[in-house]
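These protein sequences, in sequence, are chains A and B. When we follow the numbering used here, the leftmost residue of the first sequence carries the number 95, and every step to the right adds one. When we follow the numbering used here, the leftmost residue of the second sequence carries the number 95, and every step to the right adds one. For each residue, glycine too, the CB sits at the ideal point set by N, CA and C.
Number of protein chains: 2
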Amino acid sequence: MAKKYKGYLIDLDGTMYRGKESIQAAVEFVKKLEQKQLPYLFVTNNSSKRKEQVAETLRNFGVPATADHVYTTSMATASYIAEQKAGASVYVIGEEGIKSAVVEMGLTLQDENPDYVVVGIDRGINYEKLAKACLAVRAGATFISTNGDIALPTERGFLPGNGALTSVITVSTETRPIFIGKPEPIIMEQALEKLGTSKEDTLMIGDNFATDIMAGVNAGIDTLLVHTGVTTKEHLELVENLPTYTVDSLEEWDI
Amino acid sequence: MAKKYKGYLIDLDGTMYRGKESIQAAVEFVKKLEQKQLPYLFVTNNSSKRKEQVAETLRNFGVPATADHVYTTSMATASYIAEQKAGASVYVIGEEGIKSAVVEMGLTLQDENPDYVVVGIDRGINYEKLAKACLAVRAGATFISTNGDIALPTERGFLPGNGALTSVITVSTETRPIFIGKPEPIIMEQALEKLGTSKEDTLMIGDNFATDIMAGVNAGIDTLLVHTGVTTKEHLELVENLPTYTVDSLEEWDI
Chain A
95 MAKKYKGYLI DLDGTMYRGK ESIQAAVEFV KKLEQKQLPY LFVTNNSSKR
145 KEQVAETLRN FGVPATADHV YTTSMATASY IAEQKAGASV YVIGEEGIKS
195 AVVEMGLTLQ DENPDYVVVG IDRGINYEKL AKACLAVRAG ATFISTNGDI
245 ALPTERGFLP GNGALTSVIT VSTETRPIFI GKPEPIIMEQ ALEKLGTSKE
295 DTLMIGDNFA TDIMAGVNAG IDTLLVHTGV TTKEHLELVE NLPTYTVDSL
345 EEWDI
Chain B
95 MAKKYKGYLI DLDGTMYRGK ESIQAAVEFV KKLEQKQLPY LFVTNNSSKR
145 KEQVAETLRN FGVPATADHV YTTSMATASY IAEQKAGASV YVIGEEGIKS
195 AVVEMGLTLQ DENPDYVVVG IDRGINYEKL AKACLAVRAG ATFISTNGDI
245 ALPTERGFLP GNGALTSVIT VSTETRPIFI GKPEPIIMEQ ALEKLGTSKE
295 DTLMIGDNFA TDIMAGVNAG IDTLLVHTGV TTKEHLELVE NLPTYTVDSL
345 EEWDI
C-alpha cells in the first residue's frame, strides 16, 4: 500500500514521451492528477527550450500542461545565480532556453569578465565560445553547468551531451563546475519550492535511475521509477539506492 | 661532467622560441649541432602545422632546419595508425597538419564508420564534428588523440588545448583515447627511430617538465630541462622524476 502524495515532480523524456511518441499511460496519469487537483511540475535537464515551448510539446501529446507546469534546468540555473548575486553578469554557452531564462531572471549577458560562466547544450558550439568561457573561468568567474548528461539520445544515436561539452572547460581550466540539473539537489530544491508541497508529501517520477531517481535520493524525496525509458530491471539489481517504488507503467500507480 | 650525446630531440615552443620571439642561445646551440654534424630532430605536440611549415618558421628564426628535422605529433599519429593497419580509414578532427600527415601516410579520410577517430587541435571545432566522432567511437572505432595538452598559450591567455577538446568524446562515450604526443612514449619511440641514434646516446631537451621531461622519462631517454619556458626552478622542487640535467640557457650546454 503506497503512501498518498500531495505533489508530483515528473521527468519528461522516457517518462512522458519517447522522442516524438507519447507514452499514453503517462498522459492519462497526468490527466488524473489534474482532475484531482494534485499539483505537478515537469522537471527537465533540457536547457535548450523555453518553458513555453516545453509546455506546447506536452499539450501536443495531449498532456494538460502550461508553462507554469514546467521547470527546466535553465530556470533553476538562472534562479540559483540570482539568489547568489542579483543582476549578475553571465557569459552563456547554450541555446534559446538558457539565454531567455537568464535574461528573464534580470541577469545580464556579458562576453568578457562576467561574474558567471554558464554552459548548457549548444549545438552551435565553436572554439571561440569555448575560448571565452575558459578565459573567464581562469579570470575568476564562477563556473556553472546546467547539467552533466554525457549523451543526447537522437535518431542518429547518442550525440555529445552537455556534460561532455562542459568538460572542455573543466579540463582546460582545471576547475570543476557547479552542476544544477538532476541528479543534483539544486534543481530539486528549487522545483519543490515552486511546487509548494513538502519533501515528505512529494514524489519524484522518472525513467532514469542515474538522473531522476538519484535526484530524488540526493534531495531526500521519495521516488518512483517507471520502466518506460532508460533504466531496466537488470540495471536496478546493480545499484545501491533503490527507488522507493518501481512500476512498468504509470497505469499501475494509484493516486 | 655531462655525457657526450650523439643525437638530440628538441622541443620547440619555450625551448627554441617564445611565441614570435626566438631564443637566441637555442638558435646558436642548433647551429653548433649542425656544424658538428650531430643529428637533431624537433619534436612537437603541435598537430596543426605541416612539417614544412614548422621548418619554415624555424628558418625564419635563423635555425638551420629542413622538413626532415621536424617530427610532429601528427606524423607520429599517422605512423602509429599505419603500423597497426596499413591503409586504415580515419575520421579526423583537426587542422591542416594532421589531415596532411594522415593522407601522406596512405590512410583514407572517412567520416562514417572509420577504423580510427583521431582528434587534434581544431579551431574550427563544431558540434557536428564532435557528434561524428562520438558515433564512430561508439561504433567501435579506435580513439586516438594527438596530444593531451589542456591549454594553448596565446596573446589572449590560455585557450582550450587539444586535451580539452578530446575530453568531449572521452566523457560522452566513456572511452579513453590513446594519446600519441609528449609525455607519451609513442612519439618518442618514433622520433628516435627517425633520428637513428640509440636511447643511451640521445638527449631530450625541453622547457616543460610535464610534457618534454616526462616524455624522456617515459621513453627511457636522458633529459635536459632549460628554464626558458614553462617550468620554473620552484616547480622542479615539487616533482618526483628530476631531469638528468638542468640549465638556465642552452649557452651553458657543451656538446
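Evaluate residue i with the Cβ neighbour count: other Cβ atoms within 10 Å of its Cβ, from every protein chain shown; 16 or more gives buried, anything less gives exposed.
| i | result |
| --- | --- |
| residue 207(A) | exposed |
| residue 322(B) | buried |
| residue 145(A) | buried |
| residue 284(A) | buried |
| residue 348(B) | exposed |
| residue 163(B) | buried |
| residue 126(B) | exposed |
| residue 335(B) | exposed |
| residue 227(B) | buried |
| residue 333(A) | exposed |
| residue 314(A) | exposed |
Pull up the distance between the alpha-carbon of residue i and that of residue j, whole angstroms please.
| i | j | result |
| --- | --- | --- |
| residue 124(A) | residue 189(A) | 28 Å |
| residue 324(B) | residue 181(B) | 38 Å |
| residue 342(B) | residue 310(B) | 19 Å |
| residue 154(B) | residue 312(B) | 32 Å |
| residue 233(B) | residue 261(B) | 18 Å |
| residue 330(A) | residue 339(A) | 12 Å |
| residue 114(A) | residue 108(A) | 11 Å |
| residue 268(A) | residue 131(A) | 48 Å |
| residue 179(A) | residue 229(A) | 21 Å |
| residue 199(A) | residue 266(B) | 31 Å |
| residue 118(A) | residue 185(A) | 40 Å |
| residue 247(B) | residue 169(B) | 22 Å |
| residue 327(B) | residue 177(A) | 44 Å |
| residue 280(B) | residue 250(B) | 32 Å |
| residue 137(A) | residue 288(A) | 11 Å |
| residue 116(A) | residue 286(A) | 25 Å |
Under 8 Å, do residue i and residue j count as touching if we go by C-beta distance?
| i | j | result |
| --- | --- | --- |
| residue 216(B) | residue 238(B) | no |
| residue 202(B) | residue 173(B) | no |
| residue 212(B) | residue 151(B) | no |
| residue 166(A) | residue 194(A) | no |
| residue 257(B) | residue 274(B) | no |
| residue 241(B) | residue 219(A) | no |
| residue 304(A) | residue 271(A) | no |
| residue 316(B) | residue 105(B) | no |
| residue 235(A) | residue 209(A) | yes |
| residue 320(B) | residue 344(B) | yes |
| residue 156(B) | residue 121(B) | yes |
| residue 263(A) | residue 224(A) | yes |
What first and last residue would you give for the beta strand (DSSP E) that runs through residue i?
| i | result |
| --- | --- |
| residue 183(A) | 183–187 |
| residue 237(A) | 236–239 |
| residue 259(B) | First-last for residue 259(B): 256–267, but that is the alpha helix (DSSP H), not the beta strand (DSSP E). |
| residue 298(B) | 296–300 |
| residue 212(B) | 210–213 |
| residue 245(B) | 245–248 |
| residue 341(B) | 339–341 |
I'd like the span of the alpha helix (DSSP H) that includes residue i, first residue to last.
| i | result |
| --- | --- |
| residue 149(A) | 145–154 |
| residue 279(B) | 279–289 |
| residue 99(B) | Element bounds for residue 99(B): n/a, residue is neither H nor E. |
| residue 175(B) | 167–178 |
| residue 123(B) | 118–129 |
Checklist entry - Are the stretch 291–301 of chain B and the stretch 97–105 of chain B in contact at 8 Å, needing three or more beta carbon pairs? => result yes
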